[in-house]
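*Asks:*
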Amino acid sequence: MGSLSQAITEMCLDLYNKLNKKNANENIFFSSMSISTGLAMVLLGARGNTATQMQKVSVNKIH
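Positions in the sequence shown are counted from 1; adding 122 to them yields our numbering.
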């Protein structure tokens with residue numbers, strides 16, 4: 123379970139850093155749980171090349 127938690131944390135920190143660069147003088151609010159849950163639901167419904175690419179990214183981040 124630790125690797126999943128770490129992967130979600132790293133993904134959201136990467137997102138925060140990218141958003142912060144574009145909006146340096148603005149407040150930023152997002153939910154890491156909502157983002158990771160939403161992406162997991164999209165992956166469950168994805169097929170073909172989209173599913174393959176999402177799984178590849180997910181596995182690389184988690185392992």
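C-beta atoms are modelled at their ideal positions from N, C-alpha and C, and glycine is treated no differently.
Keep in mind it's a predicted model, so treat the numbers as computed, not measured.
1. Grouping DSSP H, G and I as helix and E and B as strand, with all else coil, what is S125?
2. Can you list, in chain order, the residues of its chain with a C-beta nearer than 6 Å to that of S158? Leave out the 5 residues immediately preceding and following it.
3. May I ask you to report which of helix, strand or coil DSSP gives S153?
4. E148 by DSSP, collapsed to three states: which one?
5. Touch check for the region 155-171 and the region 130-144: three-plus C-beta pairs under 8 Å?
*Replies:* According to the structure data:
1. Numbered from its first residue, the sequence shown carries residue 125 at position 3. Helix at S125.
2. Walking along the sequence shown from the start, residue 158 turns up at place 36. Once the five neighbours on either side are set aside, the close Cβ partners of S158 are I130.
3. The residue labelled residue 153 in the question sits at position 31 within the sequence shown. Residue state, collapsed to three classes: coil.
4. In the sequence shown, counting from the first residue as 1, residue 148 sits at position 26. DSSP places E148 in coil when its eight states are reduced to three.
5. yes
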